[in-house]
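Reading through the structure tokens given below for one structure.
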Amino acid sequence: MNPEQLSAVVVDALAALVAEGALDLPDGVPAEVTIERPRQKGHGDYATNVALQLAKGAGTNPRALGELLAARLRDADGVAAVEVAGPGFLNITVEAGAQGQVAADVVAAGATYGHTDVLAGQKINVEFISANPTGPLHLGHTRWAVLGDAIGRVLAAGGAEVTREFYINDRGVQMNHFADSIVAAALGEPTPPDGYAGGYIDDLAKLVEAAQPGIFDLPADERRAAVRAVGYDIQLRQQQAQLEMFNTHFDVWFSEESLHASGSVPETLQRLKDLGHVYESDGALWMRTTDFGDDKDRVLIKSDGELTYFASDTAYYLNKRSRGFDHCIYLLGADHHGYVNRLRAMAACVGDDPDKTLDVMIGQLVKILSGGEELKLSKRAGTLVTLDELAEEIGVDALRYSLARYPADSPLVLDVAEITKASADNPVYYVQYGHARTCRMMENAAQLGMSLPEAFDPSLLSHEREGALLRALAEFPRVVAAAAELREPHRVARYLEDTTSVFNKWYDTRECRMLPSGDEPVTAVNEARLVLVVAARTVLANGLALLGVSAPERM
RNA sequence: GCCCCCGUAGCUCAGCUGGACAGAGCGGCGGCCUUCUAAUCCGCGGGUCACAGGUUCGAAUCCUGUCGGGGGCACCA
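Following our numbering, the numbering of the first sequence begins with 1 at its first residue and continues without gaps.
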């Protein structure tokens, strides 16, 4: 009996009461009811507030309705007890056998346990990081790498068809600054104005020379284009390698330049003109975004004839839509929050409803403290902490987990000393250790000749701690579904921490030992508990996978 | 000036899309290692949920305002 099944039981009971004429529900019988896990012991395994919510419409009071419903529910399969409490809550105790069945359900579902269909039929594009290919990925990209990747995984678990996309900002003057900076480094000249400095530029100069010997001896006009192309290629591959190392996967690397090469931009401008949302003024072409809530109109073509970044953004959005995405998620840093209104207005200008097609997530920036000092970065000044350096110092799993366990909109201060601690203080190791422990228990069971029983008696999982663990495991699909719908993968991390704690409490309970003591024979209880351990392992492994964090079998 | 985010225990933060006496970890104090990994577990102490109104049977949660902190308001990329 999981919460969803219990909800159905309550709905059936309501329907029966209505059919008998004992209850009048003007709005009809709800399709589902809220089932929650009471914080308080003594409030049953599960509680529902239906009586509170339906009483007014039914022309009765919550307690009376509660009593009526409780009497009916007591006869339902799998329900052991029902009490009406407080203002009209129904506190429900589930039969051990019904509850124990959860373990078998989890094991049967295996790696797919936690997957739901809440987002079935949705085709979603998640765009994140989208850095310039003018330097290595660094501290500033790390949070988005983790969150975007985890959101992608969680959406997929919710049944959506997901594409994770990286928009390569490979067009514009910064690419020339990039090339000029490499040339300057190669020739031993000072960094040009607006150029990029730092050791990585020197390294790039050597790599570019190695890739195409003699490239720096070309005439100045040819040289810039050549260096730009070679440097770009090397830098992009490096970013891709960084993300690979960081366990962050992209389905599509989309070049801004290719958007222009394909002629999408003129098409986009034409479409905007047809819809009547552009005008000329002061020699520039504007989009009238103020028609849809923006503070001011935005320039598409500057008076010098250059296209703006915003023009590309609009063409890119239409490109996504033309590829069939009915939902476009953008992950942006708080320093870009001014983009939200114009993106939404832009979507409206091309005829979409931004509430439906656009989902702009603004994440707060992360500060990382090391030895009490904040790690600062500036690509132009050449002082940056690369993703590789961070991952090496902190560890991929610890870094990913530490960023994934907070909501995107919470400002974050991470202390390197704290998240590198290889101890229980660190939630990532706490959860991983819990997983490793389940693996060891399974090995121990196998050595005693125990194997997963074909059938077992779920009512043998009757200890209070077993009930708590089963309810925790039963919660997982709801947590993943909420994480997907709300785009909040941190819920998965928090859930894993709670569930690991519940598992450890059970593990430490003497009466709940999975293995037989001493020379005693293996009993049905031992086998039932093995099923529970495998179920716990499944949930911890699946949850860690959703965060892109490894689930080690030994630690 | 306008917009966005945040304000919960000494510290770092959760709080299940409003629910029953507010939670975790860290830090402090004190317990448990002859049986499955003690990176576990158990106990104690600690909060006017920034403040003031409002909606509701019910508000840390939703609405309005005030105060405090962070970020943003380019014919930059």
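Yeah, the Cβ is synthetic: ideal placement off N, Cα and C, and Gly gets one too.
Practice task
May I ask which residues mark the beginning and end of the alpha helix (DSSP H) holding Thr500?
Solution key: Position 500 of the first sequence, counted from the first residue, corresponds to residue 500. Where Thr500 is concerned, the enclosing alpha helix (DSSP H) stretches over 490 to 507.
Practice task
Quick one: measure Cβ to Cβ for Ala551 and Val154, integer angstroms, because I've assumed they're closer than 8 Å.
Solution key: As a first step, residue 551 is located in the first sequence; it is residue number 551 there, counting from the start. As a first step, residue 154 is located in the first sequence; it is residue number 154 there, counting from the start. Incorrect: roughly 16 Å between the Cβ atoms, too far for contact.
Handout entry: Reduced DSSP category for Met361 - H, G, I as helix; E, B as strand; rest coil
Key = Within the first sequence, residue 361 is the residue found at index 361, counting from 1. Met361: strand per DSSP, three-state reduction.
Practice task
Check whether the Cβ atoms of Val480 and Leu546 lie closer than 9 Å to each other.
Solution key: Position 480 of the first sequence, counted from the start, is the residue given in the question as residue 480. Position 546 of the first sequence, counted from the start, is the residue given in the question as residue 546. In this structure, Leu546 lies closer than 9 Å to Val480 by Cβ.
Exercise for the section: Please determine, among Val360, Gly21, Lys206, Ala541, the residue with the shortest C-alpha to C-alpha distance to Ala58. Expected result: Here residue 58 refers to the residue found at position 58 when the first sequence is read from its first residue. The candidate whose alpha carbon is nearest that of Ala58 is Gly21.
Practice task
Pick out the complete alpha helix (DSSP H) segments inside the segment 213 to 282, 4 residues or longer, and give them in chain order.
Solution key: 220 to 245, 256 to 261, 264 to 275
Handout entry: Beta-carbon proximity of Thr116 to Ala150, cut-off 9 Å
Key = As a position in the first sequence, residue 116 is number 116, starting the count at 1. As a position in the first sequence, residue 150 is number 150, starting the count at 1. Their beta carbons are not under 9 Å apart, which means Thr116 does not touch Ala150 by this criterion.
Exercise for the section: Mind the definition here: the segment 168 to 183 touches the segment 224 to 241 only if three or more C-beta pairs lie below 8 Å; say whether that holds. Expected result: yes
Practice task
Find out if the Cβ-Cβ distance for the pair His327, Asn125 is shorter than 9 Å.
Solution key: For the purposes of this step, residue 327 is identified with residue 327 of the first sequence, where counting begins at 1. For the purposes of this step, residue 125 is identified with residue 125 of the first sequence, where counting begins at 1. Yes. Within cutoff.
Problem - Own chain partners of Ile168 with C-beta closer than 7 Å, once the 5 adjacent residues on each side are dropped - result: For this step, residue 168 is matched to residue 168 along the first sequence. Around Ile168: Pro133, Leu236, Trp253, Phe254, Ser255, Glu256.
Practice task
Pick helix, strand or coil for Glu20, following the three-state DSSP scheme.
Solution key: Numbered from 1 along the first sequence, position 20 holds the residue referred to as residue 20. The answer is helix: DSSP assigns Glu20 an H, G or I state.
Handout entry: C-beta contact flag for Met1 and Gln101 at 9 Å
Key = To locate residue 1, count along the first sequence from 1; it is residue 1. To locate residue 101, count along the first sequence from 1; it is residue 101. Against a cut-off of 9 Å, the Cβ pair of Gln101 and Met1 comes out as a contact.
Exercise for the section: Please report how far the alpha carbon of Met361 lies from the alpha carbon of Cys349, in whole angstroms. Expected result: Walking along the first sequence from the start, residue 361 turns up at place 361. Walking along the first sequence from the start, residue 349 turns up at place 349. Straight-line Cα distance between these residues: approximately 20 Å.
Problem - For Glu553, three-class secondary structure by DSSP - result: As a working mapping, residue 553 is identified with position 553 in the first sequence. Correct three-state label for Glu553: coil.
Handout entry: Those runs of the beta strand (DSSP E) which lie wholly inside the segment 8 to 59 and span at least 3 residues
Key = 46 to 48
Problem - Span of the alpha helix (DSSP H) around Val522 - result: What you label residue 522 is simply residue 522 of the first sequence in a count that begins at 1. It is not in any alpha helix (DSSP H) - Val522 carries neither H nor E in the DSSP assignment.
Problem - Selection from Arg513, Gly159, Gly42, Glu306 that minimises the alpha carbon distance to Arg171 - result: Here residue 171 corresponds to residue number 171 of the first sequence, with the count starting at 1. Of the candidates Arg513, Gly159, Gly42, Glu306, the one whose C-alpha sits nearest the C-alpha of Arg171 is Glu306.
Problem - Straight-line Cα distance separating Ala225 from Leu387 - result: Along the first sequence, one-based indexing puts residue 387 at 387. Along the first sequence, one-based indexing puts residue 225 at 225. Approximately 28 Å, taken between the alpha carbons.
Handout entry: Nearest-angstrom beta carbon gap, Ala103 and Pro458 [assumed within contact, 8 Å]
Key = What you label residue 458 is simply residue 458 of the first sequence in a count that begins at 1. What you label residue 103 is simply residue 103 of the first sequence in a count that begins at 1. That belief holds up - the Cβ atoms of Pro458 and Ala103 are roughly 7 Å apart, short of 8 Å.
Handout entry: Of the residues Val162, Gly110, Ala81, the one placed nearest Leu119, counting alpha carbons only
Key = On the first sequence, position 119 is the one that residue 119 refers to. Nearest of Val162, Gly110, Ala81 to Leu119, Cα basis: Val162.
Exercise for the section: Note down, in chain order, each residue of its chain lying with its Cβ closer than 6 Å to the Cβ of Val416, except the 5 sequence neighbours on either side. Expected result: Within the first sequence, the letter at position 416 stands for residue 416. So the qualifying residues of the chain are Ser370.
Practice task
Quick one: give me the first and last residue of the beta strand (DSSP E) that Leu414 is part of.
Solution key: Against the first sequence, residue 414 aligns to sequence position 414. Where Leu414 is concerned, the enclosing beta strand (DSSP E) stretches over 412 to 415.
Handout entry: For Ser402, the first and last residue of its enclosing alpha helix (DSSP H)
Key = Here residue 402 refers to the residue found at position 402 of the first sequence. First-last of the alpha helix (DSSP H) with Ser402: 396 to 404.
Handout entry: Backbone secondary structure at Asn169 - three-state DSSP
Key = Position 169 of the first sequence, counted from the first residue, corresponds to residue 169. In this structure, Asn169 counts as coil in the three-state DSSP scheme.
Exercise for the section: On a CA-only basis, which of Gly548, Lys41, Val9, Thr500 is nearest Arg72? Give me that one, please. Expected result: The residue given as residue 72 occupies position 72 in the first sequence. Cα-wise, what sits closest to Arg72 is Val9.
Exercise for the section: Taking all protein chains shown into account, decide if Thr112 is buried (16 or more other Cβ within 10 angstroms of its Cβ) or exposed. Expected result: Locating residue 112 in the first sequence gives position 112, where the first residue counts as 1. Thr112 comes out exposed.
Practice task
Classify Lys296 as helix, strand or coil using the three-state DSSP reduction.
Solution key: Mapped onto the first sequence, residue 296 falls at position 296. Coil.
Practice task
Take Pro193 as the anchor and find which of Ala184, Gly434, Tyr200 has the nearest alpha-carbon.
Solution key: Your numbering for residue 193 matches position 193 in the first sequence. The option with the nearest alpha carbon to Pro193 is Ala184.
Problem - Beta-carbon proximity of Leu331 to Glu127, cut-off 9 Å - result: As a working mapping, residue 331 is identified with position 331 in the first sequence. As a working mapping, residue 127 is identified with position 127 in the first sequence. A contact, by the Cβ cut-off of 9 Å.
Handout entry: Bridge partner(s) assigned by DSSP for Leu307
Key = Reading the first sequence from its first residue, position 307 is the one you call residue 307. DSSP output for Leu307 lists Ile301 as bridge partner(s).
Exercise for the section: Report the residue ranges of all beta strand (DSSP E) runs contained in full by the segment 98 to 175; include only those spanning at least 3 residues, in chain order. Expected result: 123 to 127, 161 to 168
Problem - Through-space distance from His43 to Thr93, alpha-carbon basis - result: Translated into the one-based positions of the first sequence, residue 93 becomes position 93. Translated into the one-based positions of the first sequence, residue 43 becomes position 43. One C-alpha to the other measures close to 9 Å.
Exercise for the section: Report yes if the CB atom of Val413 is closer than 9 Å to the CB atom of Glu497, and no otherwise. Expected result: As a position in the first sequence, residue 413 is number 413, starting the count at 1. As a position in the first sequence, residue 497 is number 497, starting the count at 1. No, Cβ-Cβ distance for Val413 and Glu497 is not below 9 Å.
Exercise for the section: For Glu280, collect the residues of the same chain with a Cβ closer than 8 Å to its Cβ; drop the 5 residues on either side in sequence, then sort them by chain order. Expected result: Position 280 of the first sequence holds residue 280. Excluding residues within five positions, the ones whose Cβ falls inside 8 Å are Trp286.
Handout entry: First through last residue of the beta strand (DSSP E) which encompasses Phe89
Key = For this step, residue 89 is matched to residue 89 along the first sequence. Its beta strand (DSSP E) spans residues 89 to 94.
Handout entry: Buried versus exposed, by CB contacts within 10 Å (16 or more), Thr438
Key = Along the first sequence, read from residue 1 onward, the residue named residue 438 stands at position 438. Per the 10 Å Cβ criterion, buried.
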